[in-house]
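Scroll down for the structure; my scribbles are underneath it.
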Amino acid sequence: MAYDRYVAICRPLVYHSLMTTQKISIFVFFAWLIPFYLLLMSTITTATSRLCGSHIPRIYCVNWLIANLACSASVARNVIPAFNYTFYVGHVVFVFWSYVYLIKTCQSSKENWNKFMQTCVPHLFSLTVVVVSLLFDMLYMRFGSKEIAQNVENFMAMEFLLIPPIMNPLMYGLKLTKIRKRVLNFICAKRV
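Pasting the structure below:
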């Protein structure tokens, strides 16, 4: 999506020659294949491990927590998650880099800046919310304290599951003029 927005805003005259059906099909194929492959490798690694415990301190199962229950350490258990994290961090860096390039390009023209604000800011904000939520969840899972109460852990897990899906409709909904006007009228009516 970031590349699509870059081409649509920065190079609109060549959009259809760059974003061909074949190229879009390749993007979609890899957008499905790579995460499926990464998930499959993690699942196979965990499924082939012998587990020495059954307590998972979460409301839902997470592959990392299940892998921590393994009786013995293995190279694959450390290499595959490191590869997965590296891939996803690289992906996020690429997306944010493309947005930085978009911002630099769009600053020269008011029309392009308006296009950027209308189409890219909601996506960038939603992406940032998801990435920050994932980052905190992953860091807590890896390096979190063992003394935190189960209720607090459950709340933190729910934050990761609830905040991004709540923010997406708000961001994309507020982009629509009719919805934005109704929300502003509602807020202004409350203040009076």
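Read in order, the letters of the sequence shown are residues 1 to 192 in the working numbering.
Positions of the beta carbon are idealized from the N, C-alpha and C atoms, including for glycine.
As the structure is a prediction and not an experimental result, all values here were calculated from the model.
Query: I think Ile59 touches Asn151, with their Cβ atoms under 8 Å apart; what is that distance to the nearest whole Å?; Result: Between Asn151 and Ile59 the Cβ distance is about 11 Å, and since that is not below 8 Å, they are no contact.
Query: Asn68 lies in the alpha helix (DSSP H); which residues open and close that run?; Result: Run containing Asn68: none; DSSP gives neither H nor E here.
Query: Tell me where the alpha helix (DSSP H) around His55 begins and ends.; Result: His55 -> no alpha helix (DSSP H), and no H or E assigned at all.
Query: Note down the Cα distance separating Asn142 from Phe125, rounded to an integer number of angstroms.; Result: Position check: residue 142 holds Arg in this sequence, whereas Asn was assumed. Each residue's Cα considered, the two are about 26 Å apart.
Query: Which same chain residues, not among the five before or five after Thr119, have their C-beta less than 8 Å away from its C-beta?; Result: Arg5, Ala8, Ile9
Query: Would you call Ala67 buried or exposed, if buried means 16 or more other Cβ atoms sit within 10 Å of its Cβ?; Result: buried
Query: What alpha helix (DSSP H) runs, 4 residues minimum, are completely inside the region 145-181?; Result: 150-175
Query: What does the alpha-carbon distance come out to for the pair Asp137 and Val130?; Result: 10 Å
Query: Give me the DSSP bridge partner(s) of Leu51.; Result: Ala70
Query: Using only CA atoms, which one of Tyr88, Gly53, Leu65 lies nearest to Phe36?; Result: Tyr88
Query: I'd like the span of the alpha helix (DSSP H) that includes Val107, first residue to last.; Result: The question names Val, but residue 107 is Gln in the sequence shown. Looking at the DSSP string, Gln107 is not in any alpha helix (DSSP H), and its letter there is neither H nor E.
Query: Between which two residues does the alpha helix (DSSP H) holding Met138 run?; Result: 121-143
Query: Would you tell me roughly how many angstroms separate the C-alpha atoms of Pro213 and Ile163, rounded to the nearest one?; Result: This structure does not reach residue 213, given that the chain is present from 1 up to 192, and the question cannot be answered.
Query: Taking 7 Å as the limit between beta carbons, can you name the residues of its chain near Gly173, skipping five residues before and five after?; Result: Ile179
Query: Cutting at 6 Å between CB atoms, please list the residues of its own chain near Met41, excluding the five before and the five after it.; Result: Ile80
Query: Under DSSP, the alpha helix (DSSP H) around Val7 begins and ends at which residues?; Result: 2-10
Query: How should Leu13 be labelled, buried or exposed, when 16 other C-beta atoms within 10 angstroms of its C-beta is the threshold for buried?; Result: exposed
Query: By Cβ distance below 6 Å, which residues in the same chain neighbour Leu18 in space, the five residues on each side in sequence not counted?; Result: Val7
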